[in-house]
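The structure under discussion appears below in the form of structure tokens.
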Amino acid sequence: MAPRTSPECLTTSQSTHNNENNDDKAAKEPVPSKFQVWKLASRPHTLTASIVPVIVGYALTLQLIHRHPDLLLDNHLADDTAASCPTTPENDLSPLRSQTALLENTASRTILLPLSLQFALFACLIQISTNLHNDYADFVKGADTAARVGQARATQKGWLTPAETIRGCCLALGAACVVGVWYLIPVVSAGGDGEKRCCARGWDPVMAFVVVSSLFNAVAYTGGPFPLGYVGLGNVSIGYSGLGDLFVFVYFGLVATLGVPYLFLTKVAFVSTPSFCWNNKAAGFGEFGLNGLLWKRLLTLLYPSFLHALPIGFLAMAIIVVNNLRDRHTDIHARKKTMAVRFGRRFCQVEYFLLVVGTYVFCIWFWWSSALNNGKWTELLPLLSLPVAIPQLKAVAFGGKDGSDLNVHVGGTAKVQLFYCILMAIGLRISINISI
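Quick note: to get our numbering, add 1252 to the position in the sequence shown (first position is 1).
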């Protein structure tokens, strides 16, 4: 078995040549302030890919509450709002509508918004951690050199040492861990009525997996002997193995969009199910009490959100496709086997075309299929982002641009996702207030 290499030795041996190449440039380039350097390393412009899926998830949850008011009527919120609705004859449904509307507003303000902010904060911290570790690992692995054609990297430029970058990564990971463990994983379930109501505290194994796997993948995306080597995983790397596209689709598409609806259902709607958690006292360690009927209902309620998450995942993949297409020449020398390196430029162009066009085709299909069941025209609002998407398609899928010329289209594709998601969220919100 080959001896493990410490981070210090790796950094020294693999980055010496890069440091020599950077010395001449460093003398010519003004060094930004420390704040600007950390801002560059954390790449705040990429955070839209984490935030806008959560915004869509928030809007999807509002629609879920509107379509299934029973999710709140059995909740303790109903007890707090019932007193505000006047008593009327049994055949008068207006008090029920008033109570339902009040419940929706109360849930949106007091429960759903805090859940969404907590999940958005967790997603942003995970992305910042991934960005910082990528800045570190791509430098020590030799992917970021003086020949880099993408945006400047703080470690490659010498503005941050590898040790400083990895410390920043660990700090962001620690903050994400605190948010996940403190806010996302715990579940409080209640049972009984009135004075007999009791609460049981436990933890959600599904959200625990999401939190732990996100923390792991933030480092494993680029990987490297530090810190994965210390747990026997050597040079495990998602990005270097060509799995970056799949990672982005799952975590920045499906998980980011489904997170808020899932948290609402498990922390609020199913709060009266005391067995919906791992709970040593109530259920016994190792006994997950969510029965088959609840699982079925949970998946049924999440299915529309899952469908809306698919095009968001497609656009997240499109961003990484054009990024890898731009960097494939330097990635070859660093043995970074992205899809662009494995299959070449033409494959990436076709993949990009299918992802972007498929996003809009899916939007039309979803509207048409929902129109058969009284769907609303607001499902088509994301099509208004087409004027932003068409120039990106022409340049990336059909144009001859390469290298640094693709920089503008990495940001351009991110704008497509931004506008598409914002329009989708607006459409979902409008659909609640209109009737056909």
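Here a beta-carbon is modelled for each residue, glycine too, at the ideal position from N, C-alpha and C.
Inset, instruction - Determine contact between the segment 1505 to 1523 and the segment 1563 to 1571, defined as no fewer than three beta-carbon pairs at a distance below 8 Å. - result: yes
Legend entry - Three-pair Cβ contact test at 8 Å for the segment 1511 to 1520 versus the segment 1582 to 1601: no
Legend entry - Per-residue burial, Thr1340 [other beta carbons within 10 Å of its own, 16 or more giving buried]: Looking up residue 1340 in the sequence shown gives position 88. Unreliable positioning characterises Thr1340 in this predicted model, as indicated by a pLDDT of 44, which lies under 50. The coordinate reading is nonetheless provided below. Result: exposed.
Inset, instruction - Within 10 angstroms of the Cβ of Asp1322, are there 16 or more other Cβ atoms? Answer buried if so, exposed if not. - result: Along the sequence shown, read from residue 1 onward, the residue named residue 1322 stands at position 70. Its Cβ having fewer than 16 others within 10 Å, Asp1322 is exposed.
Inset, instruction - Evaluate His1297 with the Cβ neighbour count: other Cβ atoms within 10 Å of its Cβ, from every protein chain shown; 16 or more gives buried, anything less gives exposed. - result: Position 45 of the sequence shown, counted from the start, is the residue given in the question as residue 1297. Exposed, by the Cβ-count rule.
Inset, instruction - Please name the residue, chosen from Thr1300, Leu1316, Leu1292 and Lys1286, that lies closest to Leu1680 on a Cα-to-Cα basis. - result: Along the sequence shown, one-based indexing puts residue 1680 at 428. Taking only the C-alpha atoms, the option nearest Leu1680 is Leu1316.
Legend entry - the segment 1294 to 1314 contacting the segment 1426 to 1436, beta-carbon criterion three pairs below 8 Å: No contact exists between the segment 1294 to 1314 and the segment 1426 to 1436.
Legend entry - When Lys1653, Phe1499, Gly1496 and Leu1553 are compared against Phe1522, the one with the closest alpha-carbon: Within the sequence shown, residue 1522 is the residue found at index 270, counting from 1. Out of Lys1653, Phe1499, Gly1496 and Leu1553, Leu1553 has the C-alpha closest to the C-alpha of Phe1522.
Legend entry - Endpoints, the alpha helix (DSSP H) within which Glu1416 is located: Taking the first residue of the sequence shown as position 1, residue 1416 is located at position 164. DSSP places Glu1416 inside the alpha helix (DSSP H), whose first and last residues are Pro1414 to Val1431.
Legend entry - For Gly1454, the residue or residues it bridges with in DSSP: The residue labelled residue 1454 in the question sits at position 202 within the sequence shown. Looking at the DSSP assignment, Gly1454 forms a beta bridge with Val1439.
Legend entry - the segment 1630 to 1649 / the segment 1670 to 1678 touching (three or more Cβ pairs under 8 Å): yes
Inset, instruction - Tell whether a beta-carbon distance below 7 Å holds between Val1392 and Pro1366. - result: Residue numbering aside, residue 1392 sits at position 140 when the sequence shown is read from its first letter. Residue numbering aside, residue 1366 sits at position 114 when the sequence shown is read from its first letter. Not closer than 7 Å, so no.
Inset, instruction - Under 8 Å by Cβ, that's how I've got Val1471 and Ile1437 pegged, so tell me the actual separation to the nearest angstrom. - result: In the sequence shown, counting from the first residue as 1, residue 1471 sits at position 219. In the sequence shown, counting from the first residue as 1, residue 1437 sits at position 185. Not quite, the Cβ-Cβ distance comes to about 20 Å (not below 8 Å), so this is no contact.
Legend entry - CB of Val1602 within 7 Å of CB of Thr1665, strictly: Taking the sequence shown and counting its residues from 1, one reaches residue 1602 at position 350. Taking the sequence shown and counting its residues from 1, one reaches residue 1665 at position 413. No, they are not a contact pair.
Legend entry - Collapsed DSSP secondary structure at Leu1373 in the structure displayed: Position 121 of the sequence shown, counted from the start, is the residue given in the question as residue 1373. Helix, per DSSP.
Inset, instruction - Could you give the DSSP three-state label for Thr1339: helix, strand or coil? - result: On the sequence shown, position 87 is the one that residue 1339 refers to. Confidence at Thr1339 is low in this model, with a pLDDT of 46, below 50, so the placement of that residue should be treated as unreliable; the coordinate-derived value is given next. In the structure shown, Thr1339 sits in coil (DSSP, three-state: anything other than H, G, I, E or B).
Legend entry - Short Cβ contact (7 Å threshold) for Ile1572 with Gly1496: Along the sequence shown, read from residue 1 onward, the residue named residue 1572 stands at position 320. Along the sequence shown, read from residue 1 onward, the residue named residue 1496 stands at position 244. Cβ atoms of Ile1572 and Gly1496: closer than 7 Å.
Inset, instruction - In angstroms with no decimal places, state the Cα-to-Cα distance between Ser1294 and His1318. - result: The residue given as residue 1294 occupies position 42 in the sequence shown. The residue given as residue 1318 occupies position 66 in the sequence shown. Spanning the two alpha carbons is a distance of roughly 38 Å.
Legend entry - Segment contact, 8 Å Cβ cut-off, at least three pairs: the segment 1604 to 1617 with the segment 1640 to 1657: yes
Inset, instruction - Check whether the Cβ atoms of Leu1384 and Gly1420 lie closer than 7 Å to each other. - result: Along the sequence shown, read from residue 1 onward, the residue named residue 1384 stands at position 132. Along the sequence shown, read from residue 1 onward, the residue named residue 1420 stands at position 168. Yes; because the gap between Cβ atoms is below 7 Å, this pair is in contact.
Legend entry - Rounded straight-line distance, which links the Cα of Tyr1612 to that of Ala1389: Start at 1 with the first residue of the sequence shown, and residue 1389 comes out as number 137. Start at 1 with the first residue of the sequence shown, and residue 1612 comes out as number 360. Taking the straight line joining both Cα atoms gives about 35 Å.
Legend entry - Rounded separation between Thr1417 and Leu1423 - CA only: Position 165 of the sequence shown, counted from the first residue, corresponds to residue 1417. Position 171 of the sequence shown, counted from the first residue, corresponds to residue 1423. Using only the alpha carbons, I get a separation of about 10 Å.
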